[in-house]
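> Have a look at this one before I ask anything.
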Amino acid sequence: MKELISTIARALVDEPDSVEVKEIESDNNSLIELRVAKDDIGKVIGRDGRTAQSMRTILSAASTKLGRRTHLDIVD
Amino acid sequence: MSESNDDLNDKPDSEVDDDSEDERDDDERDFDDEDDEDGEDGDDDDESAEAKSDDRGPRRRRPRGRRRPREEYTTDDERSLDALAFVTDLIDKMHMECEVQLTAPRDEEEAEIALEINGEDAGRVIGKKGQVLAAIQFLTNRVVNRPGLERRHILVDAEGYRRRRESSLASMARRLGKQAVTDGKIITFEPMNPRDRRVVHLALAKFEGVITKSDGEGDDRRVQIIPVRR
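In order, the protein sequence lines correspond to chains V and W. My numbering puts the last residue of the first sequence at 749; the count rises by one with no breaks. My numbering puts the last residue of the second sequence at 247; the count rises by one with no breaks.
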């Protein structure tokens with residue numbers, strides 16, 4: 674799931690090389706931490722959080738297929 | 018109409034498979050159709066009409082709900098190819114068994130970038146009430162329409178889901194347009210998202226005797242159909 678978030682984030686930001694994604698896994702759950710350049714945070718959150726919301730919707734559809742749950746945290 | 022349909026039905030399937038064009042054409046002819054309510058069969062009306070009137074038994078051009086991928090559309094437009102690359106990558110990283118392709122923009126949307134996702138995981142890609150598909154389209158929009166670039170309209174569909182939905186919304190708009198003219202009263206829709214409001218505006222843009230406008234703010238914005246005197 675890490676690659677999924679990395680793919681999306683890198684496409685959205687101005688500085689793709691600063692995108693960092695960590696995944697912390699336990700049984701059926703994982704937590705993904707996304708870090709981007711300071712000036713890019715707005716681009717991964719979006720107006721009213723809509724970009725972040727869209728990433729979570731897509732993440733959830735992909736995780737459900739594997740019988741998992743994944744939480745996305747955008748770290749600033 | 019039923020005679021020409023008989024001819025069509027005798028042809029092999031491959032002769033009648035351009036759904037996007039079919040839908041729009043059917044739509045134009047649908048002005049007087051009153052039983053197109055359930056949103057699933059915007060393009061099947063003449064068929065059911067035939068089934069009722071023809072006692073040789075109903076014949077179908079293809080089973081409902083199954084669509085072949087649209088015809089391949091090729092372009093060297095860079096932003097279309099960027100959009101295709103992004104969605105292809107996304108579907109791949111979601112581990113969905115699906116193909117992504119560019120499709121021809123709709124007639125009234127020359128600068129539109131249209132993509133279609135087809136395959137066995139299409140249901141997951143669409144999601145409940147189309148939410149996953151909407152999220153994919155939203156992100157594609159952010160990626161393609163970067164600041165400083167001319168805005169391009171983006172349509173991401175899966176198995177014809179959006180086009181079917183938009184086509185039945187457009188039919189409903191025309192039906193209500195007719196009603197607004199007949200009753201001479203303003204008709205107000207439920208609040209809708211910008212995309213759906215746009216479908217209504219476009220459907221009634223050339224409809225004589227009414228104008229449309231949107232009223233209200235944010236999530237409460239509604240389309241109104243207003244009868245006008247010519």
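Positions of the beta carbon are idealized from the N, C-alpha and C atoms, including for glycine.
With burial defined as no fewer than 16 other Cβ atoms inside 10 Å of the residue's Cβ, what is the status of L193 of chain W: buried or exposed?
Buried is the call here.
> Alpha carbon to alpha carbon, what distance is there between R96 of chain W and R215 of chain W?
Cα to Cα, the separation comes out at about 23 Å.
> So is E688 of chain V in contact with chain W if we call contact Cβ pairs under 8 Å?
So no, E688 of chain V is outside the interface.
> By Cβ distance below 7 Å, which residues in the same chain neighbour T157 of chain W in space, the five residues on each side in sequence not counted?
For T157 of chain W, where only same-chain residues beyond five positions count, the Cβ hits under 7 Å are A100, F103, V104, I171, V173.
> Taking Cβ positions only, does H218 of chain W come closer than 8 Å to chain V?
So, not an interface residue.
> Could one say the Cβ of V117 of chain W lies closer than 8 Å to chain V's Cβ atoms, at least one of them?
No - not a single Cβ of chain V is within 8 Å of the one on V117 of chain W.
> Quick one: any contact between the region 115-132 of chain W and the region 703-716 of chain V, if contact means 3 or more CB pairs under 8 Å?
Touching, no.
> Nearest-angstrom Cα distance between L732 of chain V and E696 of chain V?
So the alpha carbons of these two residues sit roughly 13 Å apart.
> Counting only beta-carbon separations shorter than 8 Å, does K738 of chain V have a partner in chain W?
It does: the Cβ of K738 of chain V has a partner Cβ on chain W nearer than 8 Å.
> Would you say H170 of chain W reaches chain V, if we count a Cβ-Cβ gap shorter than 8 Å as a contact?
Not an interface residue.
> Our contact map puts A187 of chain W next to A220 of chain W with C-beta atoms below 8 Å; I'd like the distance itself, whole angstroms only.
Indeed, because the Cβ distance is near 4 Å, the residues count as touching under 8 Å.
> Evaluate the contact criterion for the region 712-724 of chain V versus the region 681-695 of chain V: three or more CB pairs, one atom per stretch, below 8 Å.
Result yes; three or more Cβ-Cβ pairs closer than 8 Å.
> Cβ closer than 7 Å: which chain W residues qualify as neighbours of L677 of chain V?
The answer, in chain order, is K110, M111.
> Residues of chain V with a CB under 8 Å from the CB of I130 of chain W: which are they?
Ordered by position in chain V, no residue passes the 8 Å Cβ test against I130 of chain W, which lies about 15 Å from the chain.
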